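Written out below as structure tokens is the structure these notes cover.
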Amino acid sequence: MADETGVTFVDEYHPDNIKLAHQISWNAPDDDLLFLKQIGVRWVQVHWRTQIPDVDQMRDVQKRLAQYDLRICSAGHSAGRSLKIQLGQPGRDEDIETYCTFIRALATLGIPLCLHSFHPANTYTTHHVERRGYTARAFDLDIFRTQVEKSRFERTYTTEEIWDNYTYFIKAVLPVAEELNITLALHPDDPPVEMMNGVGKLITHYEGYRRAEEITDRSENWGLLFCVGTWSEGGDQMGKDVFEMIQDFGDRGKIAAVHFRNVSSSMPYFEETFPDDGYMDMAQVMKALRRVGFNGPLMPDHIPKLVNDENRRAGLAYCISYMRALLRQANASVG
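Counting along the sequence shown from 1, when you hit position 162 you're at 161 in numbering that gives the first Met the number 0, and nothing is skipped either side.
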């Protein structure tokens, strides 16, 4: 529908629109699912941690979610974070086969997107802070290097070794995804530090994503789980900023999903914030995503803790409501 200015308005729940979503576990309690329905969330990303994917059990989860008008837009499985896979250890082929079984189950259930990360030995935070009265994660690179960092494994793993392991993994699972038309989306390293706890990192800048894309031979079934927060943490070191990344990869349809998170500043020190309280202009981020036609899941991430909000429901409602307002504004101005 267009107004006199010629701008086409897109309904929030139109399939071509961005999908406001939330991340949940496969066994999330009924009260949490009802709460999502109450605040208008219709899409969820589901994390499975079962040993072997069972399509019948997954179908039961899908049916249970449908009782709350929730649809699964994307999913992940713990096998994708296997240290055997990420460090190239014996037994990785068995874990890769488990992951392939999960991809096949997603195809059976009509779930089009499988999310993964590849950063063993991560340290996400050095401490927590009170910011505007709420509690949030913080990371200080100096504190990490001098007080927190320690080798996690019996030896150091170079960045090239981790690249070899990612190549081995993606070359094994991508053909299965391509055959079944499932998209595999890769999250960047959070925080974007090139070496942590004796292990090299891959996606700490633009060239990391470009290299990963080349490894997949630019497959249409591989893309980005683009984390705005992580990219904002990196600042100038990332090679391209948030908006340049959206233009580059989004314009080519390579952004499959987005984590919509803000931070106070870029490295070497940052605090996580609510989306309205950081240095990144999230309204412009939303508009940039709409301009490139992004219509995948957009999820709040690492929700800060408000007073008396142990289960983060108030924080989630805050984030979703803010995101919904930005999306409606973007739809009105961009279409």
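Cβ coordinates follow ideal geometry from the N, Cα and C atoms, glycine included. Everything numeric in this text was worked out from a predicted model, so none of it was measured.
Only counting the same chain, and skipping five residues up and downstream in sequence, which positions put a Cβ closer than 8 Å to that of residue i?
| i | result |
| --- | --- |
| residue 232 | 138, 189, 190, 191, 262, 265, 266 and 269 |
| residue 172 | 95, 98, 99, 102 and 183 |
| residue 108 | 54, 57, 58, 61 and 71 |
| residue 3 | Summary for residue 3: the model assigns pLDDT 47, below 50, so the residue's position carries little reliability, and this model does not support an answer. |
| residue 204 | 191, 233, 236, 237 and 238 |
| residue 209 | none |
| residue 106 | 179, 180 and 181 |
| residue 14 | 294 |
| residue 63 | 32 |
| residue 155 | 197 and 198 |
| residue 150 | 196 and 197 |
| residue 323 | 11, 19 and 39 |
Which residue or residues does DSSP assign as beta-bridge partners of residue i?
| i | result |
| --- | --- |
| residue 299 | 259 |
| residue 128 | 135 |
| residue 337 | Residue 337 lies beyond the range of the chain shown here (0 to 334); nothing can be said about it. |
| residue 24 | 46 |
| residue 156 | 198 |
| residue 81 | Per DSSP, none; premise fails for residue 81. |
| residue 221 | 183 |
| residue 71 | 43 |
| residue 226 | 258 |
| residue 19 | 297 |
| residue 115 | 185 |
| residue 304 | 134 |
| residue 76 | 47 |
Measure how close the beta-carbons of residue i and residue j come, nearest whole angstrom, since I'm counting them as under 8 Å.
| i | j | result |
| --- | --- | --- |
| residue 127 | residue 134 | 6 Å |
| residue 85 | residue 119 | 4 Å |
| residue 42 | residue 25 | Not quite, the Cβ-Cβ distance comes to about 15 Å (not below 8 Å), so this is no contact. |
| residue 36 | residue 67 | 5 Å |
| residue 251 | residue 227 | Actually they are not in contact, since the Cβ atoms of residue 251 and residue 227 sit about 18 Å apart, beyond 8 Å. |
| residue 304 | residue 311 | 7 Å |
| residue 175 | residue 245 | Wrong, their Cβ atoms sit about 29 Å apart, outside the cutoff. |
| residue 196 | residue 124 | Not quite, the Cβ-Cβ distance comes to about 14 Å (not below 8 Å), so this is no contact. |
| residue 136 | residue 271 | 5 Å |
For residue i, which residues in the same chain have their Cβ closer than 7 Å to its Cβ, ignoring the five residues on either side in sequence?
| i | result |
| --- | --- |
| residue 321 | 274 and 275 |
| residue 78 | 94, 97, 98 and 101 |
| residue 177 | 218 and 220 |
| residue 194 | 200 |
| residue 325 | 281, 282 and 285 |
| residue 314 | 302, 303, 304, 305 and 308 |
| residue 153 | none |
| residue 206 | 238 |
| residue 141 | 267 |
If I measure Cβ to Cβ from residue i and keep anything under 6 Å in the same chain, skipping five residues before and after, which residues do I get?
| i | result |
| --- | --- |
| residue 316 | 38 |
| residue 83 | 90, 91 and 94 |
| residue 329 | 285, 286 and 289 |
| residue 75 | 46 and 114 |
| residue 248 | 223 and 254 |
| residue 242 | 287 |
Going by CA-CA distance only, name the one from the options that's closest to residue i.
| i | options | result |
| --- | --- | --- |
| residue 69 | 51, 33 and 47 | 33 |
| residue 167 | 254, 207 and 215 | 215 |
| residue 308 | 243, 74, 132 and 289 | 132 |
| residue 169 | 130, 304, 180 and 117 | 117 |
| residue 319 | 241, 29 and 40 | 40 |
| residue 110 | 180, 314, 301 and 28 | 180 |
| residue 164 | 198, 243 and 240 | 198 |
| residue 65 | 51, 29 and 50 | 29 |
| residue 51 | 140, 104, 213 and 63 | 104 |
| residue 187 | 150, 257 and 242 | 257 |
| residue 112 | 202, 44, 129 and 230 | 44 |
| residue 73 | 242, 333 and 23 | 23 |
| residue 212 | 185, 327 and 229 | 185 |
* Okay, do the stretch 147-166 and the stretch 227-244 touch, 3+ Cβ pairs below 8 Å being the bar? -> Because the criterion of three Cβ pairs below 8 Å is not met, the stretch 147-166 and the stretch 227-244 do not touch.
* Decide if the stretch 50-68 is in contact with the stretch 274-294; the criterion is three or more beta carbon pairs, one per stretch, under 8 Å apart. => Flag = no, the stretch 50-68 and the stretch 274-294 do not touch.
* At least 3 beta-carbon pairs within less than 8 Å: the stretch 220-227 vs the stretch 138-149 -> The count of Cβ pairs closer than 8 Å, one atom from the stretch 220-227 and one from the stretch 138-149, stays below three, leaving the stretches out of contact.
* Asked: Three or more C-beta pairs closer than 8 Å, one from the stretch 287-303 and one from the stretch 19-31: is that the case here?
  -> Contact check between the stretch 287-303 and the stretch 19-31: three or more CB pairs, one atom from each, fall below 8 Å, which counts as touching.
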